[in-house]
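K.L.:
In terms of the UniProt record's numbering, the sequence shown opens at residue 1 and continues consecutively.
Here a beta-carbon is modelled for each residue, glycine too, at the ideal position from N, C-alpha and C.
Note that the structure is predicted; figures quoted are calculated from it, not measured.
This is the structure, below, for whatever I ask next.
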Amino acid sequence: HRWRVIYFTEEISASCSSTPYAICCAKLTHEVLYQAFLSSFSLCVCPDNTSLSVLVDTKVVLACPPVSLTNVLIIRWDINLRGKPSCARAYRRDNNETSERNCTDERISWESRPDLNPALQIGPVATTHEGYYRCEVATQEGNFGLGYHLQVSVPPEVTLFRGSNGSIVCRAAAGKPAAQISWTPPGDCHTVEQQLGNGAVTVQSTCQWEDGQVSNVSCSVSHVTGNKSLSLDLNQGVITLEFPASALLIILYVKFSLFWVILVIVGCSYFQRINDCR
């Protein structure tokens, strides 16, 4: 059977390369197709790939080529993740059989029964799910394929705070891909990036303005997952950042209490002296 599979595969591939269409006119038995799919032979599937970016912790559904399921013989998903063995999921329609090889991630599964919907579901999506996913469908009329280069986006954590020497720092931490930082009004700025692995990047921009020339600054962070803007009042920034309202109330309460304690002590001493004089 293996020799026959190789023979048929080479013959079909040769005929497929001579046609500009995705349909290859070849008649194969179910068994030859099934053995070829399980042996990782590509049966005349003309390339059709797309890039897809999804947000982390969401769910994504990857569809197979739009082929009538009544004509389907075999459906196969090939999953190639970074640093992991290739995973394969297959469905054979003639005996309604499913099989898989090296598939250990429970977050990757058929969305439904493959005889009703052969789409693949991933959820919740993690950065470890980045890779190449391909669905190959074998029919009596020909074979079709659709591949996805999946990338996962992670929103950065944005903070705005005072740095040293009167500088203001805007930080977009652990974003994937890297965020872009801009300032209003523009200042004397220096931006650095720190690679964290898995494509995550922390971007930090430090700016300074001439004393007294600017009273309010805004940091705008642009990212594929959404944009965010933070502002800081330079005239009140020191009080707001270093002494929040709750801390100020505590300080005022302590000072007021000490004032009354001192006043009572002084009053008692004064009246005691008056009584002693009598």
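Are the CB atoms of Cys64 and residue 279 within a distance shorter than 8 angstroms?
P.N.:
Residue 279 lies beyond the residue range present for the chain, which begins at 1 and ends at 278; the question has no answer from this structure.
K.L.:
Classify Gly175: buried if its beta carbon has 16 or more other beta carbons within 10 angstroms, exposed otherwise.
P.N.:
When all chains shown are included, Gly175 counts as buried.
K.L.:
Where does the unbroken beta strand (DSSP E) through Arg92 begin, and where does it stop?
P.N.:
Segment Cys87 to Arg92, the beta strand (DSSP E) holding Arg92.
K.L.:
When the Cα of Leu62 is compared with those of Glu141, Ser164 and Gln121, which residue comes out closest?
P.N.:
Gln121
K.L.:
Whole angstroms are fine: how far does the CA of Gln236 sit from the CA of Phe259?
P.N.:
27 angstroms
K.L.:
From Asp233, Thr139 and Ser222, pick the residue whose C-alpha is nearest to that of Leu69; which is it?
P.N.:
Thr139
K.L.:
Does Pro114 pass the burial test, meaning 16 or more other C-beta atoms within 10 Å, or should it be called exposed?
P.N.:
buried
K.L.:
Is the distance from the Cβ of Leu196 to the Cβ of Leu52 below 8 angstroms?
P.N.:
no
K.L.:
Which residues in the same chain have their Cβ closer than 6 angstroms to the Cβ of Phe161, if we skip the five residues on either side of it in sequence?
P.N.:
Val169
K.L.:
Is the stretch 199-215 in contact with the stretch 178-185, if contact means three or more CB pairs nearer than 8 angstroms?
P.N.:
yes
K.L.:
In three-state DSSP terms, what is Val266?
P.N.:
Note: Val266 maps to helix in three-state DSSP.
K.L.:
Let me know if Asp78 comes out buried or exposed under the rule of 16 or more other beta-carbons within 10 Å of its beta-carbon.
P.N.:
buried
K.L.:
With distances taken from CA atoms, which of Gly226, Gly187, Gly145 and Cys135 is nearest Ala172?
P.N.:
Of Gly226, Gly187, Gly145 and Cys135, the residue nearest in Cα terms is Gly226.
K.L.:
Grab me the residues of Pro156's own chain with a C-beta within less than 7 angstroms of its C-beta, minus the 5 sequence neighbours each way, in chain order.
P.N.:
Ala172, Ala173, Ala174, Gly175, Ala179, Val221 and His223
K.L.:
By the DSSP assignment, the beta strand (DSSP E) with Asp188 in it spans what residues?
P.N.:
Asp188 to Gly197
K.L.:
Give me the DSSP bridge partner(s) of Ala172.
P.N.:
Val158 and Val203
K.L.:
Mapping the DSSP letters down to three states, classify Val67 as helix, strand or coil.
P.N.:
coil
K.L.:
Counting only the same chain and skipping the five closest in sequence on each side, list residues whose C-beta sits under 6 angstroms from that of Asn102.
P.N.:
Pro85 and Cys87
K.L.:
Nearest-angstrom Cα distance between Ala90 and Val56?
P.N.:
27 angstroms
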